[in-house]
Amino acid sequence: MTSILTGDIINSRKNDDNFWLKTLKEALNTFGESPKYWQIYRGDSFQLEIENCESAFYAALKLKSHLKSTKNIDVRIGIGIGRKEFNVDKITESNGEAFINSGFAFDTFLKKQTIAIKTPWQELNEELNVAFDLALLTMDSWTKNSAEVFKLSLGSGNITQKEIGNLLGITQGRVSERQKRAGFEPIMKLEKRFRKLIQQKIAL
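According to the numbering used here, the sequence shown holds residues 1071 to 1274 in order.
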């Protein structure tokens, strides 16, 4: 089993390419090398493979918080989980169930919400897509400041509010306020729940 994220940039045409493209590449690079694990194509679309399926939602959160911390940029991501038929050097030339599911999630669900998933387990798809839809009420409304604090909070599980405050030049209290506005705690509870559900299914 593997997971494939298919995404594209919202408002890419209205913004300076170099600015958001650099941010996107920086985020993608943290997951592995291109073109084996990720590729950008058609200018503003990308594919990313996360071999640990349970980390797929974490990857989506990382990409969204990185991009929304740049001005007026957002991203749509279809997550697919399933088998991968064969390994090649370029991710865009690979295929299999995970790729098909990712494409289906992207083409079908992203008309309504900016992160969606398709797995081999129908009841899980329904549960997770409803949960994502609710979480996105907050995430789609992130300001640049909220997204930046979320990105830094996500970057290292051990980073403290004080350390984030030092990086941003704001007080610990302001960091706490921004984390609340960004929905950091409830969204990370969902991330933990996502991991548990996927692990349970894969173990069957």
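All C-beta atoms in this analysis are idealised placements derived from N, C-alpha and C, irrespective of residue type, glycine included.
| Contact belief for S1139 with K1214 at Cβ below 8 Å, rounded distance in angstroms | 6 Å
| request: Report yes if the CB atom of Q1109 is closer than 8 Å to the CB atom of I1170, and no otherwise. | output: no
Spatially closest choice to S1223 from Q1249, L1207, S1211, F1202, by CA coordinates:
Closest by alpha carbon: Q1249.
| Going along the chain, which unbroken runs of the alpha helix (DSSP H) with 4 or more residues stay wholly within the stretch 1122–1163? | 1126–1138
| said: Using only the alpha-carbon positions, how far apart do Q1231 and E1163 sit? | reply: 42 Å
Can you tell me whether A1273 is buried or exposed? The criterion is at least 16 other CB atoms within 10 Å of its CB, across all chains shown.
exposed
- Task: Return the residue from the list S1211, I1268, S1115 that minimises the CA-CA distance to L1194.
- Result: I1268
Shortest alpha-carbon distance to R1117 belongs to which of H1136, L1131, G1148? The displayed chain sequence assigns Gln, not Arg, to residue 1117. If we check each option's Cα against that of Q1117, G1148 comes out closest.
Query - Host alpha helix (DSSP H) of L1267 (start-end) - result: Element bounds for L1267: 1254–1273.
Review point. What are the boundary residues of the alpha helix (DSSP H) that includes G1235?
Key: 1231–1238
* Look at the alpha carbon of K1132 and the alpha carbon of F1101, and state the distance between them as a whole number of angstroms. => 10 Å
query: Roughly how far, in whole angstroms, is the beta-carbon of R1276 from the beta-carbon of D1078, given that I think they are within contact range, below 8 Å?
result: The structure shown does not extend to residue 1276, since the chain is modelled only from 1071 to 1274, so the question has no answer here.
Exercise. For V1245, count neighbouring C-beta atoms within 10 Å of its own C-beta (all shown protein chains included) and say buried if the count is 16 or more, exposed if not.
Key: It counts as buried.
Exercise for the section: Could you check what DSSP says for T1072 in three-state terms: helix, strand or coil? Expected result: Secondary structure at T1072: strand, using DSSP grouped into helix, strand and coil.
Next on the checklist: Could you check whether I1185 and A1252 sit closer than 8 Å to each other, using their CB atoms as the reference points?
Outcome noted: no
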